[in-house]
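Chemist: Numbering that gives the first Met the number 0 puts the first residue of the sequence shown at 0, with every later residue one more than the last. Using N, Cα and C, we set each Cβ at its ideal position, and we do this for glycine too. After the structure tokens below, expect a handful of questions from me.
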Amino acid sequence: MSHRGFYQPVSREGAWVGDVIPWQEDGTFHLFYLHETRRNPPVGMPWRRVVTDNLVDFQDAGESIASGGPEAEDFNIYTGSIVTDDRGIHHAFYTGQNPDRRGSDGRPLQLVMHATSNDGMESWQRHPDHTFGATEGYEGGDWRDPFVFWDEEAQVWRMLITARHSEGPVRRRGVIAQCTSTDLVQWAPAEPFWDPRRYVAHECPEVFEWNGWWYLVYSEFSETFTTRYRLSRNLNGPWIVPPHDSLDGRAFYAAKSAARDGRRFFFGWIATREGAQDDGAWQWAGTLSVLEATQQADGTLAFHPAPELLNTFDELLPVTLPERRLSAPDGYADSVALMELPESARIVATFDVSDETTECGLLLRASADGNEGYALRLEPKRHRLVFDRWPRKQTGSEQWQISGDVPYAIELERSCELAAGQHTLDVIIDGSVCVATVDDAVVLSTRLYDRPTGHAGVFVGEGNATVTDFAVYANSVDHSASHTSYQLANSLS
């Protein structure tokens, strides 16, 4: 893995990026994150920080807010937010949790906690007397992810909190609770900020204004585990559900954003899978990934990797397809390049898709005959992109008994408009990370574990498609060796 654009902590025991708390200041992004070690017994979760000014190279700035220790209320330090006051002091609001400190319902308490920095976020001072838990009507075990922002019109600080009502259907109690303050110290309960009564919880909430539109972003804690957004002309709503309301698929989670020079970037993590296998269950935490949002004329958002990352793939490789005109009106046809893909590569393919075509797309790390590998499949009739793979593990003696027993990886599909005509798949693979984008607007991220090598190819099923453009790029300069050694030195110090 090149590590350029996809940050993962380096340590002897292994470490991963959890929820990211982004803060932009003077052109530099300070990315605080939950440092996950997956150690057993747990050692307490801290906030660590990496900084970047180009969205590609990340400098490890070390631990920011350490675990409070085994007896502390903030043994685990979970998600929160950063703000500055009118004196330039940085304030961190975060979630404190200790599995041994339980509420009346027997669940570990979650608390909102406060720390400040007077030296440019180099050190933080806790303020335990500012700690508070769930207010009346909310569960004590779900009171987390405080997002603080200044409401200019109302002249108050607002804090959005992931919470759950104490009554109602168990899987529909999720609510974004709200508190207000004038001094960032005393917080008063307010009416819920958003209360759809649809999901278990709405994690990592944030709001921001952009060119006359307000956006509410949250990560849906349900069976889908997806980061979504809503939009409104007013901070108080009503909130509109856009036609395509998710940032990415199942593997990209807990994304929060920061802006610079009129652009907005979302920082989330691509989940790992158990056992580093394609069949493994999704795990919490993984590799940092950055998506840029583009605002459309109607206020809706399109998503894609930042050009800064795409431009690191600046070496055009001599990868060619034997055939670019694929026709299979009632069957399947593919064309596989002779040259194998490097471990880190960008593949760009534009398909001119005829009307009534059922499917077409890209093969990744495929066998030379195209029979095995990963597939990114455009399905015009179903208006979606799906991720698929073959082979899968057999679960019985019969040929139909395969892992999943579904026609594709069910969590990994993305709705998109695929009218007849040209559509471009732009795909980055870097080690096990894969980020695919359709028409610079719809993103699907996932993992590629079982096949670390193979060929690129194209295919069509029940229809006709012409590949008008096809190119594979690599990084001409590999910065990973020096960058990784710097990370290792800092992470082990």
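Any contact of the region 321-332 with the region 453-471, i.e. 3+ C-beta pairs under 8 angstroms?
Modeler: Yes, the region 321-332 is in contact with the region 453-471.
Chemist: Would residue 190 pass as a contact of residue 146 if the rule is Cβ separation under 8 angstroms?
Modeler: Looking up residue 190 in the sequence shown gives position 191. Looking up residue 146 in the sequence shown gives position 147. Not closer than 8 angstroms, so no.
Chemist: In chain order, what residues of the same chain have a beta carbon less than 7 angstroms from the beta carbon of residue 40, not counting five sequence neighbours either side?
Modeler: By one-based count along the sequence shown, residue 40 stands at place 41. Annotation for residue 40: no residue places its beta carbon closer than 7 angstroms to its own, counting only its chain and skipping 5 residues before and after.
Chemist: Classify residue 346: buried if its beta carbon has 16 or more other beta carbons within 10 angstroms, exposed otherwise.
Modeler: For the purposes of this step, residue 346 is taken as residue 347 along the sequence shown, with counting starting at 1. With 16 or more Cβ atoms within 10 Å of its Cβ, residue 346 is classed as buried.
Chemist: If we count the other Cβ atoms within 10 Å of its Cβ and call it buried at 16 or more, is residue 494 buried or exposed?
Modeler: The displayed coordinates of the chain run from 0 to 492. Any statement about residue 494 would go beyond what the structure contains.
Chemist: Taking one C-beta from the region 5-12 and one from the region 70-81 each time, how about it: are there three or more such pairs within less than 8 angstroms?
Modeler: no
Chemist: Out of curiosity, what's the CA-to-CA distance linking residue 433 and residue 343?
Modeler: Against the sequence shown, residue 433 aligns to sequence position 434. Against the sequence shown, residue 343 aligns to sequence position 344. Counting only the Cα atoms, residue 343 lies some 10 angstroms from residue 433.
Chemist: Residue 341 to residue 473, Cα distance in whole Å?
Modeler: Within the sequence shown, the letter at position 342 stands for residue 341. Within the sequence shown, the letter at position 474 stands for residue 473. Roughly 7 angstroms separates the two Cα atoms.
Chemist: Could you give the distance in angstroms between the alpha-carbon of residue 478 and the alpha-carbon of residue 429?
Modeler: For this step, residue 478 is matched to residue 479 along the sequence shown. For this step, residue 429 is matched to residue 430 along the sequence shown. Note that residue 478 scores 41 on pLDDT, short of 50, meaning its location in the model is unreliable and no value can be drawn from it.
Chemist: Express the C-alpha separation of residue 309 and residue 435 in angstroms, rounding to a whole number.
Modeler: The count along the sequence shown starts at 1 and reaches residue 435 at position 436. The count along the sequence shown starts at 1 and reaches residue 309 at position 310. Using only the alpha carbons, I get a separation of about 12 angstroms.
Chemist: Who are the Cβ neighbours of residue 445 in its own chain at under 6 angstroms, not counting the five residues just before and after it?
Modeler: In the sequence shown, residue 445 corresponds to position 446, counting from 1. Counting only Cβ-Cβ distances below 6 angstroms, and skipping sequence neighbours, we find 250, 386, 411, 433.
Chemist: Helix, strand or coil, according to DSSP, for residue 417 in the structure here?
Modeler: The count along the sequence shown starts at 1 and reaches residue 417 at position 418. Note: residue 417 maps to coil in three-state DSSP.
Chemist: Taking its Cβ as the centre, do 16 or more other Cβ atoms sit within 10 Å of residue 161, making it buried, or is it exposed?
Modeler: Here residue 161 refers to the residue found at position 162 of the sequence shown. When all chains shown are included, residue 161 counts as buried.
Chemist: Give me the Cβ distance between residue 263 and residue 209, rounded to the nearest whole Å; I'm assuming they're in contact under 8 angstroms.
Modeler: In the sequence shown, counting from the first residue as 1, residue 263 sits at position 264. In the sequence shown, counting from the first residue as 1, residue 209 sits at position 210. With 8 angstroms as the limit, residue 263 and residue 209 qualify as a contact, their Cβ atoms being about 6 angstroms apart.
Chemist: What are the complete beta strand (DSSP E) segments, minimum 3 residues, inside the region 171-216?
Modeler: 173-180, 187-193, 200-209
Chemist: Exposed or buried, what is residue 338 when buried is set at 16 or more other beta-carbons lying within 10 Å of its beta-carbon?
Modeler: As a working note, residue 338 is residue 339 in the sequence shown. It is exposed - the Cβ of residue 338 has fewer than 16 other Cβ atoms within 10 Å.
Chemist: CA-CA distance, residue 487 and residue 34?
Modeler: As a position in the sequence shown, residue 487 is number 488, starting the count at 1. As a position in the sequence shown, residue 34 is number 35, starting the count at 1. For residue 487, the pLDDT reaches just 36, beneath the cut-off of 50, and the residue's location in the model is therefore unreliable, leaving the point undetermined.
Chemist: How is the alpha helix (DSSP H) around residue 246 delimited, first residue to last?
Modeler: The residue given as residue 246 occupies position 247 in the sequence shown. No alpha helix (DSSP H) holds residue 246; DSSP gives it neither H nor E.
Chemist: Once DSSP output is grouped into helix, strand and coil, what is the label at residue 351?
Modeler: The residue labelled residue 351 in the question sits at position 352 within the sequence shown. Three-state result, residue 351: strand.
Chemist: Give the straight-line distance between the Cα atoms of residue 492 and residue 27, rounded to the nearest whole angstrom.
Modeler: As a position in the sequence shown, residue 492 is number 493, starting the count at 1. As a position in the sequence shown, residue 27 is number 28, starting the count at 1. Bear in mind that the predicted position of residue 492 carries a pLDDT of just 32, short of 50, making it too unreliable to give a figure here.
Chemist: Our contact map puts residue 384 next to residue 376 with C-beta atoms below 8 angstroms; I'd like the distance itself, whole angstroms only.
Modeler: Position 385 of the sequence shown, counted from the first residue, corresponds to residue 384. Position 377 of the sequence shown, counted from the first residue, corresponds to residue 376. At roughly 7 angstroms, the Cβ-Cβ gap stays under 8 angstroms, so residue 384 and residue 376 are in contact.
Chemist: Roughly how many angstroms separate the alpha carbons of residue 414 and residue 306, rounded to a whole number?
Modeler: For the purposes of this step, residue 414 is identified with residue 415 of the sequence shown, where counting begins at 1. For the purposes of this step, residue 306 is identified with residue 307 of the sequence shown, where counting begins at 1. Their Cα atoms are separated by approximately 23 angstroms.
Chemist: Which word fits residue 304, buried or exposed, when buried means at least 16 other C-beta atoms lie within 10 angstroms of its C-beta?
Modeler: Here residue 304 corresponds to residue number 305 of the sequence shown, with the count starting at 1. Flag for residue 304 reads buried.
Chemist: For residue 371 and residue 334, what's the separation of their Cα atoms in angstroms?
Modeler: Reading the sequence shown from its first residue, position 372 is the one you call residue 371. Reading the sequence shown from its first residue, position 335 is the one you call residue 334. Looking at the two C-alpha atoms, the distance is approximately 13 angstroms.
Chemist: Where does residue 472 sit, in a helix, a strand or coil, going by DSSP?
Modeler: Residue numbering aside, residue 472 sits at position 473 when the sequence shown is read from its first letter. Note: residue 472 maps to strand in three-state DSSP.
Chemist: Would residue 174 pass as a contact of residue 163 if the rule is Cβ separation under 8 angstroms?
Modeler: If you number the sequence shown from 1, residue 174 lands on position 175. If you number the sequence shown from 1, residue 163 lands on position 164. Between residue 174 and residue 163, the CB-CB gap stays under 8 angstroms.
Chemist: When the Cα atoms are used, what is the spatial distance from residue 176 to residue 336?
Modeler: By 1-based counting over the sequence shown, the position of residue 176 is 177. By 1-based counting over the sequence shown, the position of residue 336 is 337. Approximately 53 angstroms, taken between the alpha carbons.
Chemist: Quick check on the burial criterion: 16 or more other C-beta atoms within 10 angstroms. Buried or exposed for residue 219?
Modeler: If you number the sequence shown from 1, residue 219 lands on position 220. Classification for residue 219: buried.
Chemist: Which one of 449, 427, 95, 469 has the shortest CA to CA distance from residue 125?
Modeler: Residue numbering aside, residue 125 sits at position 126 when the sequence shown is read from its first letter. Measuring from the Cα of residue 125, the nearest candidate turns out to be 95.
Chemist: Less than 6 angstroms between C-beta atoms, sequence neighbours within five positions excluded: which residues of the same chain meet that for residue 15?
Modeler: Position 16 of the sequence shown, counting from 1, holds the residue named residue 15. The residues are 35, 284, 285.
Chemist: Exposed or buried, residue 356, counting other C-beta atoms within 10 Å across all chains shown (16 or more means buried)?
Modeler: Mapped onto the sequence shown, residue 356 falls at position 357. Under this definition residue 356 is a buried residue.
Chemist: Is the beta carbon of residue 348 sitting closer than 8 angstroms to the one on residue 424?
Modeler: In the sequence shown, counting from the first residue as 1, residue 348 sits at position 349. In the sequence shown, counting from the first residue as 1, residue 424 sits at position 425. A contact, by the Cβ cut-off of 8 angstroms.
Chemist: Name the two residues that bound the continuous beta strand (DSSP E) containing residue 316.
Modeler: Start at 1 with the first residue of the sequence shown, and residue 316 comes out as number 317. Note, residue 316: premise wrong, no beta strand (DSSP E); not H, not E.
Chemist: Hey, quick one: how far does the alpha helix (DSSP H) through residue 307 stretch, first residue to last?
Modeler: On the sequence shown, residue 307 is found 308 positions in, with the first residue counted as 1. Counting along the chain, the alpha helix (DSSP H) containing residue 307 begins and ends at 306-309.
Chemist: Does residue 117 pass the burial test, meaning 16 or more other C-beta atoms within 10 Å, or should it be called exposed?
Modeler: To locate residue 117, count along the sequence shown from 1; it is residue 118. Taking a 10 Å sphere around the C-beta of residue 117, we find fewer than 16 other C-beta atoms and assign the residue as exposed.
Chemist: Per DSSP, residue 251 is paired with what?
Modeler: By one-based count along the sequence shown, residue 251 stands at place 252. Answer by DSSP bridge pairing, in chain order: 269.
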